[in-house]
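**Q** Dropping the structure in here first, questions after.
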Amino acid sequence: MAVRTRTIKVDALARVEGEGSLHVRIRDGRVQEVKFGIFEPPRFFEAFLVGRDYSEAPDITARICGICPIAYELGAILAMEDAFGVAVPQVISDLRRLIYCGEWIESHGLHVYLLHAPDFLGLPDALELAKVDKPLVERALRLKKIGNDILEAVGGRAVHPVNLKVGGFYRAPAKAAIRALAEDLKWAVEESLATVKLVGGFDFPVLEQAYTFVALRHERDYAIHQGRLVSNGGLDIPPAEFLDHFDEEHVAHSNALHGFMKDGHARYKVGPLARYAINHDRLSETARHAAHAAGLGPVVGNPFQSIVVRAVEMVQSCEDALALVEAYEEPDSPAVTVEPRAGVGHGCTEAPRGVCYHRYRLADDGSILSARIVPPTAQNQKCIEDDLLKVVEANADLSDEALRWRCEQAIRNYDPCISCATHFLDLTVERE
Amino acid sequence: MPDRKRPKLAVWKFSSCDGCQLSLLDCELELLAVSEAVEIAYFLEATRKVVKGPYDISLVEGSITTPHDVEAIRHVRRQSRKLITIGACATAGGIQALRNFKDVKDFIDLVYAHPEYIDTLDRSSAVSEHVRVDFELRGCPINKHQLLEVLNASLNGRRPNVHPHAECVECKMRGNVCVTVAKSEPCLGPVVHAGCGGLCPSVGRGCFGCFGPMETPNTVAMAAKLAEMGLDGRDIQRRFRGFNAYADAFRRESEVHGG
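Right under this line is the structure:
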């Protein structure tokens, strides 16, 4: 039989945030090469941060990503508070969790319906879906909007909120404005349950991976903005030890670094599947039942089912948000006093796409001496490439167009935020 | 309505955070109506369908930072009847234009393990430095209501109703108490372009310039006021060097200060 080489190329991936490409080479049915390239140009955030005041870091790092600005604002805030030894009262922590729930609802709503579902339905986009089922897309957009409404009510603006600062908030949201979200959130809980049912009924390509999962775990909550870093391989560390266990490397075909675990140079996975597996016992009754009814076990190893897990997380975050909204009372003071001092601080939260880590070294006047940020998509890059390898091997008989689409779908399983992934490069310069 | 009758809209991305094009998808109540009024012909964040140009309206997000970008933006211009830039990156170079004040070659060597993989220009620049722009919509991020107004105006052949006056005016219209007068809070409102609706003063915070300089801003007086409030040269420079640091008026004022 003649040697046959096929090349599958996607020059510019659609329905992802940022600019990525894919290159696959197959020879005689065997995959020779898989490259998930990120050509989004670097923006050098760590460098801009050097010399800036600690108080500017939340607003500057927000600009890393328009989809998940809270992950950056809050990551920076938590790191500064860690460095300065600041503790905030429960009501401030709850407001942070509430606005983060808003970001999850908005981001998951966007991804489940507008970016990922069209793959399962064989459609190019959600606008085509609207031609078939307009009420469904209208409900999806309303669900997404409720996430944005939370961001606006707490943060002042949906993209790059302005109300968050080190120590708390500039102004505490009025009780009436927060309580007013409750009715919509009750609807959103029901609608996200319907979403679990809908996407649970999709046909999923067969792929079963034995991932190493890493996620935040909290003693009580389905962790979003606090907890320890836990893996299904026995790791259990405070966020401050992140860099002792994880690292990144620079590869030729990508402007983003590739994350790995130092132990065995191994790939690992962050995001919805990781959180779901690590924190299954922290899901609400409603969310856990919905997952079970949709056919999910306590661990999901098929990355194509991430769309169902995102929907389950929407149930969880709508319920959490509702409880926080109904319990909200205005704090006596919107923020605690912050006294800058020299030191190092770490912040770690669960962005919609997974663990997002910040580390800053600060001078005694609060100026930033060095910054390091590890975004979720960089950490997932090795898993994305491994999934692609398995997908291509299992589907080598598909036509080029069908295989190309299947590969795109496999990348979108990660909801990769390419704008984020490319902006983080280890900067070793330190100003004296 | 058959597709060919509707004007074709394209959305392009250069170096940016995606937040401004997300603002279009954040028009939850209007998105389906927009997609009925125009054919979304190229919008990678939303669809894998690509309809060939030429396009009636191109929205451009992001700044120009690579040799490839320089070629690509010319290609976009050639294919577009109207080219509208959206956001601080596309209109002023964005936060990534902070590199313009440094020696970027040394910088890349320090930052990357393998500088040879990196293809970047030494400056991050606005789209208008490279091609003719029909309208610039400000903001970091843009205001989605203004985006809808710009689209509406373009489709109807009229000037967008987007005011170039100072942020201060919006703040007064909203009935905010002035944070500078009442709390001695440094605020860039007097020199910043309107558009956000006076967000920061509404939460008791000074404006930090998301929308960039207004038309003919008096940055000298602004800087003098900041100094009078006790900010040193380095603080004043930092205030002007944010998301619109390379917008002409802010760049020039920032170069006067330092420390």
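So the sequence lines, in the order shown, correspond to chains H and U.
Residue 1 is where the first sequence starts when you use UniProt numbering, and the numbers rise one by one after that.
Residue 1 is where the second sequence starts when you use UniProt numbering, and the numbers rise one by one after that.
Glycine residues also receive a C-beta, built at the ideal position from the N, C-alpha and C atoms.
1. Mind checking if K183/U is an interface residue toward chain H, Cβ cutoff 8 Å exclusive?
2. Whole angstroms are fine: how far does the CA of E46/H sit from the CA of D53/H?
3. Report the residues of the stretch 40 to 70 of chain H with a CB closer than 9 Å to any CB of chain U, ordered along the chain.
4. Give the residues of chain U in contact with K269/H, contact being defined as C-beta atoms less than 8 Å apart.
5. Along the chain, where does the beta strand (DSSP E) that runs through A378/H open and close?
6. Please give the ranges of any beta strand (DSSP E) in the stretch 19 to 53 of chain U, keeping only runs that are unbroken, at least 3 residues long and fully inside the region.
7. Compute the Euclidean distance between the alpha carbons of R81/U and E36/U, then round it to the nearest angstrom.
8. At 7 Å on the CB atoms, spell out the chain H contacts of K13/U, in chain order.
9. For a quick check, are the C-beta atoms of S42/H and T120/U less than 8 Å apart?
10. Consider the Cβ of S35/U: report whether some Cβ of chain H lies at a distance smaller than 8 Å.
11. Counting Cβ pairs closer than 8 Å, one from the stretch 152 to 172 of chain H and one from the stretch 280 to 300 of chain H, do we hit at least three?
12. Out of G51/H, V112/H, H116/H, Q381/H, point me to the one whose CA is closest to L98/U's CA.
13. Under 8 Å, Cβ to Cβ, is there at least one residue of chain U near E408/H?
14. Where in the stretch 306 to 386 of chain H do unbroken runs of the beta strand (DSSP E), each at least 3 residues long, occur, reported from the N-terminal end onward?
15. In whole angstroms, what is the alpha-carbon distance linking G102/H and R138/U?
16. Quick one: is Q96/U near chain C, going by C-beta distance under 8 Å?
17. Note down, in chain order, each residue of its chain lying with its Cβ closer than 7 Å to the Cβ of G233/U, except the 5 sequence neighbours on either side.
18. Touch check for the stretch 181 to 189 of chain H and the stretch 322 to 336 of chain H: three-plus C-beta pairs under 8 Å?
19. Which residues in chain H sit within 7 Å of F243/U, going by Cβ to Cβ distance?
20. Roughly how many angstroms lie between the CA atoms of G29/H and E393/H, to the nearest whole one?
21. Once DSSP output is grouped into helix, strand and coil, what is the label at K186/H?
22. So the candidates are N100/U, R78/U, R74/U; which of them puts its Cα closest to the Cα of D248/U?
23. Taking V391/H as the reference, give the member of N380/H, Q381/H, W405/H with the closest Cα.
24. Skipping 5 residues on each side, what residues in its chain have a beta carbon closer than 6 Å to that of residue 434/H?
25. Name the one or two DSSP bridge partners that L9/U has.
26. Could you give the residue range of the alpha helix (DSSP H) that holds residue 260/U?
27. Would you kindly work out how many angstroms separate the C-alpha atoms of Y328/H and R179/H, rounded to a whole number?
28. Would you check if there are 3 or more beta carbon pairs closer than 8 Å linking the stretch 345 to 358 of chain H to the stretch 80 to 90 of chain H?
29. Y170/H touches chain U at which residues, Cβ-Cβ below 7 Å?
30. Measuring alpha carbon to alpha carbon, tell me which of P135/H, N395/H, V196/H ends up nearest V112/H.
31. I need the DSSP call for I224/H, collapsed to helix, strand or coil.
32. Work out the CA separation of A12/H and A10/U for me, nearest whole Å.
33. Which of helix, strand or coil does DSSP assign to T66/U?
34. How many angstroms separate the CA atom of E253/U from the CA atom of M222/U?
35. So, is N176/U buried or exposed, given that buried needs 16 or more other C-beta atoms within 10 angstroms?
36. For S63/U versus A126/U, is the C-beta spacing smaller than 8 Å?
**A** In short, the structure shows the following:
1. In the second sequence, counting from the first residue as 1, residue 183/U sits at position 183. No, no contact with chain H.
2. Within the first sequence, residue 53/H is the residue found at index 53, counting from 1. Within the first sequence, residue 46/H is the residue found at index 46, counting from 1. D53/H and E46/H have their C-alpha atoms some 13 Å from each other.
3. Shown in chain order are the members of the stretch 40 to 70 of chain H whose Cβ falls below 9 Å from a Cβ of chain U: E40, P41, P42, R43, F44, F45, E46, A47, F48, G51, R52, D53, E56, D59, I60, A62, R63, I64, C65, G66, I67, P69.
4. Taking the first residue of the first sequence as 1, we reach residue 269/H at position 269. Contact of K269/H with chain U by beta-carbon distance below 8 Å is absent, the smallest such distance being about 23 Å.
5. On the first sequence, position 378 is the one that residue 378/H refers to. A378/H: not part of any beta strand (DSSP E); member of the alpha helix (DSSP H) spanning 376 to 394, first to last residue.
6. Entirely contained in the stretch 19 to 53 of chain U, the beta strand (DSSP E) runs reaching 3 residues are, in chain order, 39 to 43.
7. As a working note, residue 81/U is residue 81 in the second sequence. As a working note, residue 36/U is residue 36 in the second sequence. Between R81/U and E36/U, the C-alpha separation is close to 20 Å.
8. In the second sequence, counting from the first residue as 1, residue 13/U sits at position 13. Neighbours of K13/U across chain H, judged by C-beta separation under 7 Å: E19.
9. Here residue 42/H refers to the residue found at position 42 of the first sequence. Here residue 120/U refers to the residue found at position 120 of the second sequence. Checking the sequence, you will find Pro at residue 42/H rather than Ser. Yes, Cβ-Cβ distance for P42/H and T120/U is below 8 Å.
10. As a first step, residue 35/U is located in the second sequence; it is residue number 35 there, counting from the start. Using a CB distance cut-off of 8 Å, S35/U counts as an interface residue toward chain H.
11. The stretch 152 to 172 of chain H is not in contact with the stretch 280 to 300 of chain H.
12. The residue labelled residue 98/U in the question sits at position 98 within the second sequence. Residue nearest to L98/U within the set G51/H, V112/H, H116/H, Q381/H is G51/H (criterion: CA-CA distance).
13. The residue given as residue 408/H occupies position 408 in the first sequence. For E408/H, the answer is yes, since a Cβ of chain U falls inside 8 Å of its Cβ.
14. Entirely contained in the stretch 306 to 386 of chain H, the beta strand (DSSP E) runs reaching 3 residues are, in chain order, 343 to 351, 354 to 362, 368 to 374.
15. Taking the first sequence and counting its residues from 1, one reaches residue 102/H at position 102. Taking the second sequence and counting its residues from 1, one reaches residue 138/U at position 138. Separation of G102/H and R138/U (C-alpha to C-alpha, rounded to the nearest whole angstrom) is 25 Å.
16. No chain C is present in this structure, whose protein chains are H and U.
17. As a position in the second sequence, residue 233/U is number 233, starting the count at 1. Here the set comprises H257, G258, G259.
18. Touching, yes.
19. One-based indexing of the second sequence puts residue 243/U at position 243. Proximity of chain H to F243/U at the Cβ level (cut-off 7 Å) is accounted for by R63, in chain order.
20. Against the first sequence, residue 29/H aligns to sequence position 29. Against the first sequence, residue 393/H aligns to sequence position 393. Between G29/H and E393/H, the C-alpha separation is close to 7 Å.
21. Position 186 of the first sequence, counted from the start, is the residue given in the question as residue 186/H. Correct three-state label for K186/H: helix.
22. The sequence position of residue 248/U within the second sequence is 248, counting from 1. For D248/U, the closest alpha carbon among the candidates N100/U, R78/U, R74/U is that of N100/U.
23. The residue you call residue 391/H lines up with position 391 of the first sequence. Nearest option by C-alpha distance: W405/H.
24. Missing from the structure shown is residue 434/H; chain H here goes from 1 to 432 and no further.
25. Here residue 9/U is taken as the residue at index 9 of the second sequence, counted from 1. Bridge partners of L9/U: I40/U, I57/U.
26. Missing from the structure shown is residue 260/U; chain U here goes from 1 to 259 and no further.
27. On the first sequence, residue 328/H is found 328 positions in, with the first residue counted as 1. On the first sequence, residue 179/H is found 179 positions in, with the first residue counted as 1. Cα atoms of Y328/H and R179/H: separation of roughly 7 Å, rounded to the nearest angstrom.
28. Because the criterion of three Cβ pairs below 8 Å is met, the stretch 345 to 358 of chain H and the stretch 80 to 90 of chain H touch.
29. Numbered from 1 along the first sequence, position 170 holds the residue referred to as residue 170/H. Ordered by position in chain U, the residues that pass the 7 Å Cβ test against Y170/H are V203, G204, R205.
30. For this step, residue 112/H is matched to residue 112 along the first sequence. Looking at the Cα atoms, V196/H is the closest of the given residues.
31. Residue mapping note: residue 224/H aligns to position 224 of the first sequence, counting from 1. Reduced to three states, the DSSP call for I224/H is coil.
32. What you label residue 10/U is simply residue 10 of the second sequence in a count that begins at 1. What you label residue 12/H is simply residue 12 of the first sequence in a count that begins at 1. Rounded to whole angstroms, A10/U to A12/H spans 15 Å at the Cα level.
33. Counting from 1 along the second sequence, the entry for residue 66/U is found at position 66. The answer is coil: DSSP assigns T66/U none of H, G, I, E or B.
34. The sequence position of residue 253/U within the second sequence is 253, counting from 1. The sequence position of residue 222/U within the second sequence is 222, counting from 1. Rounded to whole angstroms, E253/U to M222/U spans 10 Å at the Cα level.
35. Counting from 1 along the second sequence, the entry for residue 176/U is found at position 176. Counting the other Cβ atoms within 10 Å of the Cβ of N176/U gives 16 or more, which makes it buried.
36. Start at 1 with the first residue of the second sequence, and residue 63/U comes out as number 63. Start at 1 with the first residue of the second sequence, and residue 126/U comes out as number 126. Between S63/U and A126/U, the C-beta gap is smaller than 8 Å, which places the two residues in contact.
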